[in-house]
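Enquirer: Residue numbers (UniProt numbering): 1 to 268.
Have a look at this one.
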């Protein structure tokens, strides 16, 4: 069959990439403390241990706070950038949009070290606020890409009709444009939330003494007895990430269907 070899290679490659993730729930429900085959039995003890860990709850609360705030900030900034880039022509538009997208191609460790040096040099204390700043910077390009697609798919005549009916620029934006791009906004929020929740490098450099979920997991890898609990936690995080990405893809497709544009691919 034509293309069969390439298809088989893609399947094997994806299995190689995702096999460790598929093994997470296997060891999360294993009663043994050693992560190895053969399995000893089935238990939910590690999930109970996970929920009863006060340090883990604190790290989870910090990560959720950072993820919610970063996703809101990144989406708001993304709305401004996407609206400006799709609706208006202005000097240096290309370089400005390229600068916004720069974190997509820069190594995160370079971004993290640069932010750390700048923040310390101006006397800013490291905390979850500095992590929010870094995560907003990382998430904004993703939000801008998603929202640019949503704004590009709008029928400009709807906005012009609102002006003809007496609406101001702000009221037309609030009453006409925002409802039409709302699926893209929701998709941007969910995508940014997922990226922020899973991000490690920036949190490692900018969190100071405040633990986040990824940095807490990294610190527990030194203790073999904590590994089964980390496996249980990883299972929950993977399930949450898949759920959020599925919801984001649903709203992305819903927005495309609403505007009648052609679907050129998405997250899933």
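Glycine residues also receive a C-beta, built at the ideal position from the N, C-alpha and C atoms.
Counting beta carbon pairs with one atom in the segment 155-172 and one in the segment 95-115, are three or more of them shorter than 8 Å?
Expert: No: the two stretches stay apart, fewer than three of their Cβ pairs being nearer than 8 Å.
Enquirer: Is it buried or exposed for residue 41, if we count other Cβ within 10 angstroms and need 16 for buried?
Expert: By the neighbour-count rule (16 or more Cβ atoms within 10 Å), residue 41 is not buried but exposed.
Enquirer: Spatial neighbours of residue 193 within its chain, please: CB distance less than 6 Å, with the 5 preceding and 5 following residues excluded, ordered by chain position.
Expert: These residues qualify, in order along the chain: 67, 71.
Enquirer: For residue 58, which residues from the same chain have a beta carbon less than 7 Å from its beta carbon, with the 5 sequence-adjacent residues on both sides left out?
Expert: Excluding sequence neighbours, residue 58 sits near 211.
Enquirer: According to DSSP, is residue 268 helix, strand or coil?
Expert: Confidence in residue 268 is poor, its pLDDT being 49 and thus under 50, which makes the residue's placement unreliable; the coordinate value appears in the next sentence. Of the three classes helix, strand and coil, the one that applies to residue 268 here is coil, per DSSP.
Enquirer: Short of 8 Å in beta carbon distance, which residues of its chain neighbour residue 130, apart from the five on each side in sequence? Order them along the chain.
Expert: Same-chain partners within the cutoff: 115, 119, 124, 206, 207, 208.
Enquirer: Rounded to a whole number of angstroms, what is the C-alpha to C-alpha distance between residue 254 and residue 177?
Expert: Distance between the alpha carbons of residue 254 and residue 177: 16 Å.
Enquirer: Would residue 251 and residue 183 be called neighbours here (beta carbons separated by less than 7 Å)?
Expert: Yes, these two residues count as a Cβ contact at 7 Å.
Enquirer: Expressed to the nearest angstrom, what Euclidean distance is found between the alpha-carbon atoms of residue 37 and residue 19?
Expert: About 15 Å.
Enquirer: Would you mind stating whether residue 75 and residue 189 have Cβ atoms separated by less than 7 Å?
Expert: Yes, the Cβ-Cβ distance between residue 75 and residue 189 is below 7 Å.
Enquirer: What is the DSSP secondary structure of residue 105, counted as helix, strand or coil?
Expert: Residue 105: coil per DSSP, three-state reduction.
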